[in-house]
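*Asks:* Counting from 1 along the sequence shown, just add 2 to a position and that's the residue number in this note's numbering.
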Amino acid sequence: MSLILLFLKYQKKHFYILVLGILLTIMINIMNISLLILSGILLTSVFMFHNNTIEYNYIIPSIIIRILSLSKTIIKYCEKIIKHNNTLHILSNLRILIFKKIFPLHPCDISYIYHHEILHLFITDIENIDILYLQIIVPIINVLFIILIILIILLIKHYLLAILFMLCLCLPLIFYIIYFYKKNKINSFTNMIVKKQFYLIIYNFLLYQKEYKIFENMVQICKKINFFQKQWDIQNKIQHYFNIKSYIILFTLININFLFIIIISKILFLKHIISISFIVSLFLCINILNHVILDINNIINKIHYILLSTRNVFEIFKKKPTITFVKNTFFFKKFISLKIMKLSFYYPTNNTIQTKVLNNISLTITYNKKIAITGHNGCGKSTLLMLLTRAWDPIMGNIYLNNCNLKNISLYMLRKHISIVPQKTDVLNDTLKNNLLLNNQNNSNINKQFLIKILCCVGLKKLLEHNTQGLHMLLGENGRLLSGGELRKLAIARILLQNSNLVLLDEPTTNLDKHSCKQILQILFKKFKNKTMIFVTHDINILKKMDYIYYMDNGSVKAQGSYLDLLKQKRYYE
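#1: Determine the direct distance from the alpha carbon of Asn480 to that of Ser384, and round the result to whole angstroms.
#2: Given this structure, state the Cα-to-Cα distance separating Leu477 from Phe244, to the nearest angstrom.
#3: Given a cut-off of 8 angstroms on the beta-carbon distance, is the pair Met535 and Ile422 in contact?
#4: If I follow the unbroken beta strand (DSSP E) through Tyr550, where does it start and stop?
#5: Which residue from Lys335, Thr368, Ile525, Thr512 puts its Cα closest to that of Ile542?
#6: Taking the alpha-carbon positions, what's the Tyr307 to Thr126 distance?
#7: Can you list, in chain order, the residues of its chain whose CB lies under 6 angstroms from that of Gly247, leaving out five sequence neighbours each side?
#8: Helix, strand or coil: which one does DSSP assign to Thr55?
#9: I need the DSSP call for Leu569, collapsed to helix, strand or coil.
#10: The beta strand (DSSP E) spanning Ile2 covers which residue range?
#11: So is Phe337 buried or exposed if we call it buried at 16+ other beta carbons inside 10 Å?
#12: Which same chain residues, not among the five before or five after Asn442, have their C-beta less than 8 angstroms away from its C-beta?
#13: Report yes if the CB atom of Met475 is closer than 8 angstroms to the CB atom of Leu434, and no otherwise.
#14: Using the C-alpha atoms, what's the distance from Asn130 back to Met29?
#15: Checking the sheet assignment: what are the DSSP bridge partners for Gly563?
#16: Are the CB atoms of Leu345 and Met398 within a distance shorter than 8 angstroms?
#17: Would you please state the rounded distance, in angstroms, between the beta carbons of Gly370 and Asn532? I believe it to be under 8 angstroms.
#18: Examine the Cβ distances between the region 254–262 and the region 163–181 and report whether three or more of them are shorter than 8 angstroms.
#19: So what does Phe347 bridge to, in DSSP terms?
#20: For the 8 angstroms Cβ check, are there 3 or more pairs between the region 291–302 and the region 311–327?
#21: Where Ile143 and Lys74 are concerned, what is the direct C-alpha to C-alpha distance, given to the nearest angstrom?
#22: Please tell me whether Ile301 and Met554 are closer than 8 angstroms, where the distance is taken between their beta carbons.
#23: Buried or exposed: which applies to His517, given that a residue is buried once 16 or more other Cβ atoms fall within 10 Å of its Cβ?
#24: Just verifying my parser: in three-state terms, what is the DSSP assignment at Phe271?
#25: How about Ile100 and Ile318: are their beta carbons less than 8 angstroms apart?
#26: Tell me, which residues are paired with Ala164 by DSSP?
#27: Tell me whether Gln222 sits in a helix, a strand or coil according to DSSP, three-state version.
#28: Quickly, what does DSSP pair Ser339 with across the bridge? List them, please.
#29: When the Cα atoms are used, what is the spatial distance from Asn289 to Leu252?
#30: What do you get for Val221, buried or exposed, if any count of 16 or more other CB atoms within 10 angstroms of its CB means buried?
#31: Report the option in Tyr249, Asn31, Ala495, Phe280 whose CA atom is closest to the CA atom of Ile456.
#32: Going by other Cβ atoms of all chains shown within 10 Å of its Cβ, with 16 needed for buried, is Pro396 buried or exposed?
#33: Could you check the C-alpha separation between Tyr402 and Gln451 for me, to the nearest Å?
#34: Rounding to the nearest angstrom, what Cα-Cα distance links Thr55 and Lys273 in this structure?
#35: Just reading off the alpha helix (DSSP H) that Met388 is part of, what are its end residues?
#36: What's the C-alpha gap between Ile188 and Leu483?
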């Protein structure tokens, strides 16, 4: 129930149209019941009691029934349109809401979620929530309303029929729902786990198929795929048998109830307590009720899948970002200094014992300095750069930009003054132009000629050669794939376009040949001559050009100074 209320909460923008869809469904069933009651009363009075006046025998019943039928058809048409529109509202609204929720969370608050699970969230889980409205909320309200109407009619006519209806249908139906709800909970949960494991294996195969081929591991991955495929087939069979079993029991329950109603109605008719027209109308109404009640089997079979999907979605909704940016902030035009004070950090894990990636680091970087951070792999260099961009926040200590705590600087100001070449460069499945511009797409100062000039500077001129689409050429999976060296050049081109005051470069010359490496370094030192650059590198050619070097080991700064100073400290730096 709490999940359904959460669902309605996040659909409050479309709440009234959702309620209208439910009301129209109820109106259609009320009209069905009204049609059947009128048909039972009018037609039985004609054929049983031989009322032969032309007005009563044909015209009046026909007019009333035709008007009701026409009204029902119009309402049914409106209901279908509204439900279809509601489906579109729910799906689009939920996907937009999830995007809005995920972006502030990334990367520190959702690092525990696999990429394939996020895809599953956007596709399967959201479509299941759409079913929550169409096949859970609407049918449940519909069944309850029809049962209530028939119960009121029976109470008005004769209390014995109402008691029988409660004993023979309502109470067994409650026990049926409770029993099969609990039974299906285990099946659905197991099925969901096997399905996710199967999807993970397929996802890994598609993502890492080159590695599997290179290391001749295709046999093993095929065995895993076959194993989980069989497990999923077994779970689907179990679920199928369960669905059949629950349907047969529900169908039997409905027919037993119908049989008791017939028997009692016959007894009451013989005692002249109820009329034959009432019996006919009652039978027709119960027939409609039986068809509606059969929807309960569909609800029982799907409710746990839907609730699990709903829980997955609302876990994202309820999660609040641990990193937030202020709106009103300090404004500064240029970079003056960067201070890191007693900074410590570890990545959040489920383990009770946390190993610090960074431990009590303090350093100061001033305007127009070229700084390098070096050390063994895994000593925390790249993590330190990510903390400067606020992808994560430190566990202890503070970072100050121009003597202002990084936490008090808005996202806009932070991105304006700090740009980064990350350790891994991602390419979007988009045009070359959009891959260069990113958040600068609305910048009127950047024209086509300037973009071409930047591409030529970083050595990506050949992307434009023999290419009729020019800057609109598609990159990524749907277009041209870039090599490792081309990806690094693309990352360099992005920071040249951003032109920030503080530039962070994580192994900028990785995957570049000697000539390209020399060319890129010349461009960087020329373009950012009067700006501050922080390099994470092992490249001796870069280290020699630095004003100051920090040598890190095991999460701490072990030595610092110029290149020549550090050569003398052979204890750490060689």
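Each residue gets a CB set at the ideal place from its N, CA and C atoms; glycine is no exception.
*Replies:* Let me spell this out:
#1: 30 angstroms
#2: 48 angstroms
#3: no
#4: Counting along the chain, the beta strand (DSSP E) containing Tyr550 begins and ends at 550–555.
#5: Checked all of Lys335, Thr368, Ile525, Thr512; the closest Cα to Ile542 is Thr512.
#6: 10 angstroms
#7: Looking at the sequence shown, residue 247 is not Gly but Lys. Counting only Cβ-Cβ distances below 6 angstroms, and skipping sequence neighbours, we find nothing.
#8: The pLDDT assigned to Thr55 is 49, lower than 50, so where the model puts this residue is not dependable; a value taken from the coordinates is nonetheless given after this. Taken through DSSP and simplified to helix, strand or coil, Thr55 comes out as coil.
#9: helix
#10: With the chain running from 3 to 576 in the structure shown, residue 2 is simply not present.
#11: buried
#12: Ile448, Leu499, Gln500
#13: yes
#14: 26 angstroms
#15: For Gly563, which the question treats as bridged, DSSP gives the partners Ile551.
#16: yes
#17: For the sequence presented, residue 370 should be read as Asn rather than Gly. Asn370 to Asn532, Cβ: 6 angstroms. Contact.
#18: With the cut-off at 8 angstroms, the region 254–262 and the region 163–181 touch.
#19: Looking at the DSSP assignment, Phe347 forms a beta bridge with Leu360.
#20: no
#21: 19 angstroms
#22: Going by C-beta atoms, Ile301 is not nearer than 8 angstroms to Met554.
#23: exposed
#24: helix
#25: yes
#26: In DSSP, Ala164 forms no bridge with anything.
#27: helix
#28: Thr368
#29: 14 angstroms
#30: exposed
#31: Here the closest residue by C-alpha is Ala495.
#32: Answer is buried; the Cβ neighbour count reaches 16.
#33: 38 angstroms
#34: Legend: pLDDT at Thr55 = 49, less than 50; position of this residue unreliable, value from coordinates given subsequently. Taking the straight line joining both Cα atoms gives about 30 angstroms.
#35: Its alpha helix (DSSP H) spans residues 383–390.
#36: 45 angstroms
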